[in-house]
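For what it's worth, this note's numbering labels the leading residue of the sequence shown as 1, then goes sequentially.
Note that beta-carbon positions come from the ideal geometry of N, C-alpha and C, so glycine has one too.
Given the structure is predicted, the values throughout are model-derived calculations rather than measurements.
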Amino acid sequence: MVRKHPLLVEILTAIALIAVPFVLPHLGFTPNTINRILIWGLFGLGFDILFGYTGLLSFGQSAFFGTGGMFAAYLLTETGFNYVMAAVLLGTIVAAAVGYLIGLIALRRTGIYFAMITVAIAEVFFFVEFNPLSAFTGGENGLPGVPKPSVFLGFTTLRFNTDTEVYWFLAFWYFVGFDAYKKQDKASRALFSQFIKTYDFK
1 MVRKHPLLVE ILTAIALIAV PFVLPHLGFT PNTINRILIW GLFGLGFDIL FGYTGLLSFG
61 QSAFFGTGGM FAAYLLTETG FNYVMAAVLL GTIVAAAVGY LIGLIALRRT GIYFAMITVA
121 IAEVFFFVEF NPLSAFTGGE NGLPGVPKPS VFLGFTTLRF NTDTEVYWFL AFWYFVGFDA
181 YKKQDKASRA LFSQFIKTYD FK
């Protein structure tokens with residue numbers, strides 16, 4: 001069925017994303033809750049790429065997720081930086097850089113040893129960001145006042161001021177991420193597998 005209709009999954013996902021804001025509120029879900037579901041959905045896609053394609057069970061995803069988010073939030077609330085999308089991009093770069101450095105350590109082991117290393121790393125990040133760096137991260141209270149996203153298109157600016165508008169912003173990026181995830185073909189999977197085999201992480 002999927003082979004005959006290669007875009008079936010993407011079409012069903014798009015229909016579901018369009019229907020969600022009209023259906024879930026009747027089931028007691030608030031727009032803010034729906035937005036959080038999408039954010040965690042993107043988080044889950046990242047986890048599935050790592051675990052599904054490489055077999056590496058990581059419990060440290062939240063460390064990079066939080067680091068990138070905190071960095072972007074700090075720029076927007078404490079430094080006077082007003083460009084939300086640029087802050088998100090910079091946060092992504094910081095998270096990727098931290099992930100690369102941690103990967104140099106964690107990827108020297110696989111299996112249960114890799115999983116335990118990532119657990120330890122996540123706990124270290126939790127302690128550092130909620131205690132020594134709480135003045136910068138806001139600790140358990142976070143950093144309130146993060147502005148809503150906006151996208152400048154040259155001829156106009158798309159602003160997402162309400163939770164419903166933010167949903168469409170998140171839904172777009174969720175679909176982009178999901179589509180990119182689905183297009184990871186056998187060659188990309190083989191590349192991940194070959195990377196692990198080449199460096200013989202044990």
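Distance, Ile-39 Cα to Phe-169 Cα
Position 169 of the sequence shown, counted from the first residue, corresponds to residue 169. Position 39 of the sequence shown, counted from the first residue, corresponds to residue 39. Near 11 Å, if we compare the C-alpha coordinates of Ile-39 and Phe-169.
Going residue by residue through the region 111-153, where are the continuous beta strand (DSSP E) segments of at least 3 residues, counting only ones entirely within it?
150-152
Does DSSP classify Phe-65 as helix, strand or coil?
Position 65 of the sequence shown, counted from the first residue, corresponds to residue 65. Three-state result, Phe-65: helix.
Do the region 16-24 and the region 150-160 meet, that is, are 3 or more Cβ pairs less than 8 Å apart?
no
Helix or strand or just coil, what does DSSP make of Thr-79?
For the purposes of this step, residue 79 is taken as the residue at position 79 of the sequence shown. Thr-79 falls in the coil class under three-state DSSP.
CB contact flag (Ala-106, Thr-92, <9 Å):
In the sequence shown, counting from the first residue as 1, residue 106 sits at position 106. In the sequence shown, counting from the first residue as 1, residue 92 sits at position 92. No, the pair does not count as a contact, with Cβ atoms beyond the cut-off.
With a cut-off of 8 Å on the beta carbons, I'd call Gly-142 and Leu-42 a contact; round off their distance for me.
Residue 142 sits at position 142 when you count from the first residue of the sequence shown. Residue 42 sits at position 42 when you count from the first residue of the sequence shown. With a Cβ gap of about 19 Å, Gly-142 and Leu-42 do not count as contacting.
Contact between the region 58-74 and the region 120-138 (3+ Cβ pairs under 8 Å):
yes
How is Arg-159 classed by DSSP in three states: helix, strand or coil?
As a position in the sequence shown, residue 159 is number 159, starting the count at 1. It is a strand residue.
Is Ala-16 buried or exposed, if buried means 16 or more other CB atoms sit within 10 Å of its CB?
Taking the first residue of the sequence shown as position 1, residue 16 is located at position 16. It is exposed - the Cβ of Ala-16 has fewer than 16 other Cβ atoms within 10 Å.
My guess is that Ala-73 and Val-146 are in contact by the Cβ rule of under 8 Å, so how many angstroms apart are they, rounded?
As a working mapping, residue 73 is identified with position 73 in the sequence shown. As a working mapping, residue 146 is identified with position 146 in the sequence shown. The pair is a contact, with the Cβ atoms about 5 Å apart (cut-off 8 Å).
Let me confirm a value: Ile-11 is counted as buried when at least 16 other C-beta atoms fall within 10 Å, else exposed. Which label applies?
The residue labelled residue 11 in the question sits at position 11 within the sequence shown. Ile-11 is exposed by the Cβ-count criterion.
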